[in-house]
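A.B. asks: Just so we're aligned, residue 1181 is where the sequence shown starts under the numbering used here, counting upward by one. Cβ atoms here follow ideal geometry from the backbone N, Cα and C, with glycine treated the same way.
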Amino acid sequence: MIPNLQIDARRLWDSLMDTARIGGTPKGGISRLTLTEADRQVRDWLKTECERLGCTVTVDEVGNMFAVRPGRRSDLPPIAIGSHLDTQPTGGKFDGVLGVLGGLEILRTLQDSGYETNAPLMLVNWTNEEGSRFAPAMLGSGVYAGVFDRAYADSREDRQGVTFGEAVEAIGYRGEAKAGSVQFGAMFELHIEQGPILEQEEMSIGIVEGVQGMRWYEISVTGREAHTGSTPMPMRRDALVGAARLIDRVEAIALEHAPSAVGSVGLIEAQPNSRNVVPGRVFFTVDFRHPDDAALDVMEQKLQAAVEETARKTNLAVELKTVWESPAVRFDADCLASVRRSAEAAGYPARPMISGAGHDAAYVARVAPTAMIFVPCAGGLSHNEEESTSFEECAAGAQVLLGAVLDYDGR
Ligand code: HGY
Ligand code: MN
Ligand code: MN
Ligand code: MN
């Protein structure tokens, strides 16, 4: 039986709106890239709020933050509630933030009611979930889960040549705790769906059973800079034309594996980026995703073939590098059962689903029983300053998160 405690929806919403000002953009979104001054400010805010609730806050060597609220039984491993506070450069108010502040609302609700859980509870803010400034994504949870080591994380550079290690130290979040040393027994992550399904089906809750496979690549095309006015077309080695053919192929490969595959080119840099110089070098990224890793293998082979064909047909050098592979993940049956019972008890219509977006839960699931809870977002839009969800939907998500944690705690 899940104890009948109610979260304070207004307090949750106010915290979401207040913290959205840290890195807030004129269009109403958030630009809070990982390990920047804005990230430091929101981290400091979270630490203060958790300590105010009597939590002990530990930071590990890659900046992951762990706030522990003691339970009746200190011998039990904590139940974690985690997500991320970093955003895309033109991010929204809810991606990641809802999961961390939803967890904070649970700590506040338990504090107000004086309710004591059996196991300790742990609120987690994972470093660099977005992977926008430092690729790959989910770097903090990946180091925690042993997918990457600290040296690899420290070596990752942003497009200005600043390393992750320099950045985490610059904001004072190189913690003492060794990565992976802070143990917990399970994790629940609340997140907006970032897709259209729940809204289209008028469902309040997504019982997220797993995350699809994801692969990131980097392609460098090298030609020769030349004058756009006096260089005859047959003499050119135009790197941007080669890149354009490949970018078109990325979309075509995804469509060939419809309806589940997605393929995107999000970052592109052309040098020297001058309107009257034939581009000599182009760097761009490819993001492929599919629920089935075998399909991703086929998509990758097709991309490889397209790179070889482009190099053969043009007089360009083309290099393809695999930057990140995150295999499809399935979450834990017991954690999912707690989410299901919680949604039922709270009376919210819910449906099982797989996540299109990557989440820290995907890596945490390698080392602890994990599940996710989704709430709808308007138009399924995310990674956009217009990202939005409602007061009621945030409240529903946090209420189901509370119920799932208490159900799991009471097992
Ligand atoms: O890329 C992703 O899916 C996540 O938002 N980092
Ligand atoms: Mn996210
Ligand atoms: Mn995101
Ligand atoms: Mn996430």
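Between the Cα of residue 1589 and the Cα atoms of 1295, 1572, 1280, which residue gives the shortest distance?
C.D. replies: Counted from its first residue, the sequence shown places residue 1589 at position 409. The residue with the shortest Cα to Cα distance from residue 1589 is 1295.
A.B. asks: Helix or strand or just coil, what does DSSP make of residue 1313?
C.D. replies: Taking the sequence shown and counting its residues from 1, one reaches residue 1313 at position 133. In the structure shown, residue 1313 sits in coil (DSSP, three-state: anything other than H, G, I, E or B).
A.B. asks: Is residue 1338 near ligand 1, with its Cβ less than 8 Å from a heavy atom?
C.D. replies: Counted from its first residue, the sequence shown places residue 1338 at position 158. Residue 1338: no, Cβ never under 8 Å from ligand 1.
A.B. asks: Give a single yes or no on whether residue 1275 has its beta carbon closer than 8 Å to a heavy atom of ligand 3.
C.D. replies: Position 95 of the sequence shown, counted from the first residue, corresponds to residue 1275. Yes.
A.B. asks: Go to residue 1430, then tell me how far its alpha helix (DSSP H) extends in each direction, as first and last residue.
C.D. replies: Taking the sequence shown and counting its residues from 1, one reaches residue 1430 at position 250. Start and end: 1419-1436.
A.B. asks: Could I get the ranges of all uninterrupted beta strand (DSSP E) runs contained in the segment 1190-1275, with 3 residues as the minimum, in chain order?
C.D. replies: DSSP runs (the beta strand (DSSP E)) wholly in the segment 1190-1275: 1236-1239, 1245-1249, 1259-1263.
A.B. asks: If we require 3 or more residues per run, which beta strand (DSSP E) segments fall completely within the segment 1504-1547?
C.D. replies: Runs found: 1530-1535.
A.B. asks: The alpha helix (DSSP H) with residue 1485 in it runs from where to where?
C.D. replies: Taking the first residue of the sequence shown as 1, we reach residue 1485 at position 305. Its alpha helix (DSSP H) spans residues 1473-1493.
A.B. asks: Three-state secondary structure (DSSP) at residue 1462?
C.D. replies: To locate residue 1462, count along the sequence shown from 1; it is residue 282. Strand.
A.B. asks: Take the Cβ of residue 1255 as the centre, count every other Cβ of all protein chains shown within 10 Å, and call the residue buried at 16 or more, exposed below.
C.D. replies: Sequence index remark: in the sequence shown, residue 1255 carries index 75 (1-based). With fewer than 16 Cβ atoms within 10 Å of its Cβ, residue 1255 is classed as exposed.
A.B. asks: Taking buried to mean at least 16 other C-beta atoms within 10 Å of its own C-beta, is residue 1208 buried or exposed?
C.D. replies: For the purposes of this step, residue 1208 is taken as the residue at position 28 of the sequence shown. Exposed: under 16 other Cβ atoms inside 10 Å.
A.B. asks: From residue 1427 to residue 1203, what does the alpha carbon distance come to, in whole angstroms?
C.D. replies: Your numbering for residue 1427 matches position 247 in the sequence shown. Your numbering for residue 1203 matches position 23 in the sequence shown. The alpha-carbon atoms of residue 1427 and residue 1203 are separated by roughly 32 Å.
A.B. asks: Which of the three DSSP states is assigned to residue 1571 in this structure?
C.D. replies: The residue given as residue 1571 occupies position 391 in the sequence shown. It is helical.
A.B. asks: Taking 8 Å as the cut-off, does the CB of residue 1533 come closer than this to any heavy atom belonging to ligand 1?
C.D. replies: Walking along the sequence shown from the start, residue 1533 turns up at place 353. It does not: the Cβ of residue 1533 is nowhere closer than 8 Å to a heavy atom of ligand 1.
A.B. asks: Look at the Cβ atom of residue 1531, then the Cβ atom of residue 1378, and state whether they are nearer than 9 Å.
C.D. replies: Mapped onto the sequence shown, residue 1531 falls at position 351. Mapped onto the sequence shown, residue 1378 falls at position 198. Closer than 9 Å, so yes.
A.B. asks: Using the three-state DSSP reduction, which class does residue 1393 fall into: helix, strand or coil?
C.D. replies: Start at 1 with the first residue of the sequence shown, and residue 1393 comes out as number 213. Correct three-state label for residue 1393: strand.
A.B. asks: Cβ of residue 1509 within 9 Å of Cβ of residue 1553?
C.D. replies: Taking the first residue of the sequence shown as position 1, residue 1509 is located at position 329. Taking the first residue of the sequence shown as position 1, residue 1553 is located at position 373. No, the pair does not count as a contact, with Cβ atoms beyond the cut-off.
A.B. asks: Contact between the segment 1352-1363 and the segment 1562-1576: three or more CB pairs below 8 Å?
C.D. replies: The answer is no - the segment 1562-1576 does not touch the segment 1352-1363, with fewer than three Cβ pairs under 8 Å.
A.B. asks: Can you tell me which residues fall inside 6 Å of ligand 1, judged by beta-carbon distance to its nearest heavy atom, and keep chain order?
C.D. replies: Ordered along the chain, the selected set is 1309, 1310, 1311, 1317, 1537, 1538.
A.B. asks: Measure the Cβ-Cβ separation of residue 1548 and residue 1364 and say whether it is below 9 Å.
C.D. replies: Translated into positions along the sequence shown, residue 1548 becomes position 368. Translated into positions along the sequence shown, residue 1364 becomes position 184. It is a contact, given that the beta carbons lie within the stated cut-off.
A.B. asks: Does the segment 1557-1571 come close enough to the segment 1253-1273 that 3 or more CB-CB pairs lie under 8 Å?
C.D. replies: The segment 1253-1273 vs the segment 1557-1571: in contact.
A.B. asks: Rounded to whole angstroms, what is the Cα-Cα separation between residue 1160 and residue 1201?
C.D. replies: Residue 1160 is absent from the structure shown; the chain starts at 1181 and stops at 1591.
A.B. asks: So the candidates are 1503, 1181, 1325, 1261; which of them puts its Cα closest to the Cα of residue 1358?
C.D. replies: Locating residue 1358 in the sequence shown gives position 178, counting from the first residue. Out of 1503, 1181, 1325, 1261, 1325 has the C-alpha closest to the C-alpha of residue 1358.
A.B. asks: Taking 8 Å as the line, does the beta carbon of residue 1371 fall inside it for any heavy atom of ligand 2?
C.D. replies: For the purposes of this step, residue 1371 is taken as the residue at position 191 of the sequence shown. Flag set: Cβ of residue 1371 near ligand 2.
A.B. asks: By Cβ distance, which residues of its chain are closer than 6 Å to residue 1217, with the 5 residues on each side in sequence left out?
C.D. replies: As a position in the sequence shown, residue 1217 is number 37, starting the count at 1. Excluding sequence neighbours, residue 1217 sits near nothing in its chain.
A.B. asks: Have a look at 1488, 1434, 1497 and flag the residue whose alpha-carbon is nearest the alpha-carbon of residue 1460.
C.D. replies: For the purposes of this step, residue 1460 is taken as residue 280 along the sequence shown, with counting starting at 1. When each option's Cα is compared against that of residue 1460, the closest is 1497.
A.B. asks: Can you tell me the Cβ-Cβ gap for residue 1474 and residue 1429, rounded? I've got them flagged as a contact below 8 Å.
C.D. replies: Sequence index remark: in the sequence shown, residue 1474 carries index 294 (1-based). Sequence index remark: in the sequence shown, residue 1429 carries index 249 (1-based). Actually they do not touch by this definition, with Cβ atoms about 20 Å apart.
A.B. asks: Tell me residue 1331's beta-bridge partners as DSSP assigns them.
C.D. replies: To locate residue 1331, count along the sequence shown from 1; it is residue 151. DSSP, once it has assigned bridges, lists no residue as partnering residue 1331.
A.B. asks: Suppose contacts are defined by Cβ-Cβ distances below 9 Å. Is residue 1397 in contact with residue 1480 by that definition?
C.D. replies: Along the sequence shown, one-based indexing puts residue 1397 at 217. Along the sequence shown, one-based indexing puts residue 1480 at 300. Going by C-beta atoms, residue 1397 is nearer than 9 Å to residue 1480.
A.B. asks: Measuring CA to CA, which of 1526, 1533, 1282 is closest to residue 1184?
C.D. replies: Translated into the one-based positions of the sequence shown, residue 1184 becomes position 4. For residue 1184, the nearest C-alpha among the options comes from 1526.
A.B. asks: To which residues does DSSP link residue 1402 through a beta bridge?
C.D. replies: Here residue 1402 refers to the residue found at position 222 of the sequence shown. For residue 1402, which the question treats as bridged, DSSP gives the partners 1461, 1497.
A.B. asks: Report the CB separation of residue 1421 from residue 1534 in whole angstroms; it is logged as a contact under 8 Å.
C.D. replies: Along the sequence shown, one-based indexing puts residue 1421 at 241. Along the sequence shown, one-based indexing puts residue 1534 at 354. Between residue 1534 and residue 1421 the Cβ distance is about 37 Å, and since that is not below 8 Å, they are no contact.
A.B. asks: Within this structure, are the beta carbons of residue 1317 and residue 1506 separated by less than 9 Å?
C.D. replies: The residue given as residue 1317 occupies position 137 in the sequence shown. The residue given as residue 1506 occupies position 326 in the sequence shown. Yes, the pair counts as a contact, with Cβ atoms nearer than the cut-off.
A.B. asks: Which term fits residue 1234, buried or exposed, when burial requires 16 or more other beta carbons within 10 angstroms of its beta carbon?
C.D. replies: Counting from one through the sequence shown, the residue named residue 1234 turns up at place 54. With fewer than 16 other Cβ atoms within 10 Å, it is exposed.
A.B. asks: For the beta strand (DSSP E) that residue 1301 lies in, which residues bound it at each end?
C.D. replies: Here residue 1301 refers to the residue found at position 121 of the sequence shown. Looking at the DSSP string, the run of the beta strand (DSSP E) that includes residue 1301 is 1301-1305.
A.B. asks: When you measure from the CB of residue 1271 to every non-hydrogen atom of ligand 3, does any distance come out below 8 Å?
C.D. replies: Position 91 of the sequence shown, counting from 1, holds the residue named residue 1271. Yes, the Cβ of residue 1271 comes within 8 Å of a heavy atom of ligand 3.
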